[in-house]
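For the sequence shown, the UniProt record's numbering puts the final residue at 179, and the numbers step up evenly by one.
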Amino acid sequence: MTEELKATNPAGAHPLQAVIDELMAAEVRVTGCENAYKLLYKLCKLKGMQMNGSAGTAAGNGGISKTKVVTQARQLLKEYLSTGLIVLPAHIKGKGSEHKYKHDGDPEAGRNFNREGWRAPLPPKPKRTKPAKDQSLGGIQSGQKQARKTLANVRKMATIEAYAKEHSCTITQAMIALM
C-alpha cells in the first residue's frame with residue numbers, strides 16, 4: 001500500500017471503503033469481495049452511466065490485459081474519491097443505444113437474429129442418377145430381375161467381343177473404346 005492510503009485508512013480497512021460505503025448507503029448489494037472494476041461498474045450503474053460489465057470485454061475493446069483494466073478502474077475510483085468525477089476511457093464505456101437492436105417492424109433490416117449469412121449455405125442435395133431400387137420385389141420376382149441383369153450383361157459382353165474381333169484388339173481395349 002502507498003503511504004497516503006496507509007494514512008487515510010486504518011489497519012485492515014479496504015482502500016476503497018468510501019466507495020463501498022456509498023454503494024451500501026444506496027442499498028446496492030456489495031459482498032466485499034468485488035475487485036475495483038466491479039466496484040466501478042456498480043458505482044457507474046448507480047450514477048446512471050453506461051459501462052461494460054466485464055473487465056475481459058473492456059480489455060478486448062482496448063487491446064490490453066484484464067489486469068491492466070482492473071488497475072485502471074482502481075485509479076479511476078481513487079480519482080472519484082478525490083474529485084467526485086468519473087471519467088471513463090472509451091474501452092470501458094458501454095456501447096450506447098445506437099448499437100442496440102430495436103424492433104421497428106422491418107424484418108429485412110439485416111439484424112441477423114437467426115445467424116444467417118455468416119455461414120456458407122448447405123450444398124444442394126444431389127439428384128438421383130439411377131432410379132430408386134424397387135423395394136417391393138421379393139422371392140421369385142427378384143430372381144427374374146437377376147436373370148434380366150445377367151441377360152443384359154451377356155448382350156453387352158457379346159457386343160464388346162464382336163468389336164474386339166472386328167478391330168483386332170483386346171477385350172479391355174474394346175471396353176474402353178465403347179465406353
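Here a beta-carbon is modelled for each residue, glycine too, at the ideal position from N, C-alpha and C.
Since this is a predicted model, take the numbers as computed values, not measurements.
- Query: Can you pull the DSSP bridge partners for K93?
  - Reply: On the sequence shown, residue 93 is found 93 positions in, with the first residue counted as 1. K93 is bridged to M51.
- Item | Straight-line Cα distance separating A26 from I64 | Indexing the sequence shown from 1 puts residue 64 at position 64. Indexing the sequence shown from 1 puts residue 26 at position 26. Taking the straight line from one Cα to the other gives about 32 Å.
- Item | For A58 and I92, believed in contact at Cβ under 8 Å, the rounded distance | Along the sequence shown, read from residue 1 onward, the residue named residue 92 stands at position 92. Along the sequence shown, read from residue 1 onward, the residue named residue 58 stands at position 58. Your pair I92 and A58 checks out as a contact, with CB atoms roughly 5 Å apart and the cut at 8 Å.
- Task: Take T159 and list the residues in its own chain whose beta-carbon comes closer than 8 Å to its own, dropping the five residues that flank it on each side.
- Result: The residue labelled residue 159 in the question sits at position 159 within the sequence shown. These residues qualify, in order along the chain: L178.
- Item | Other residues of its chain near V28: CB distance less than 7 Å, five sequence neighbours each side excluded | Looking up residue 28 in the sequence shown gives position 28. Taken in chain order, the residues that qualify are K42 and L46.
- Query: Once you ignore the five residues that flank A16 on each side, which residues in its own chain have a CB closer than 7 Å to its CB?
  - Reply: As a position in the sequence shown, residue 16 is number 16, starting the count at 1. A small fix is needed here, since residue 16 is Leu in this sequence, not Ala. Excluding residues within five positions, the ones whose Cβ falls inside 7 Å are A36, L39 and L77.
- Message: Please return the same chain residues whose Cβ sits closer than 7 Å to the Cβ of K66, not counting the five positions on each side in sequence.
- Response: Sequence index remark: in the sequence shown, residue 66 carries index 66 (1-based). A55, G56 and A59.
- Task: Under the assumption that Q72 contacts P89 (Cβ atoms under 8 Å), give the Cβ distance between them as a whole number of angstroms.
- Result: Stepping through the sequence shown from its first residue, residue 72 is reached at position 72. Stepping through the sequence shown from its first residue, residue 89 is reached at position 89. About 7 Å; that satisfies the 8 Å criterion.
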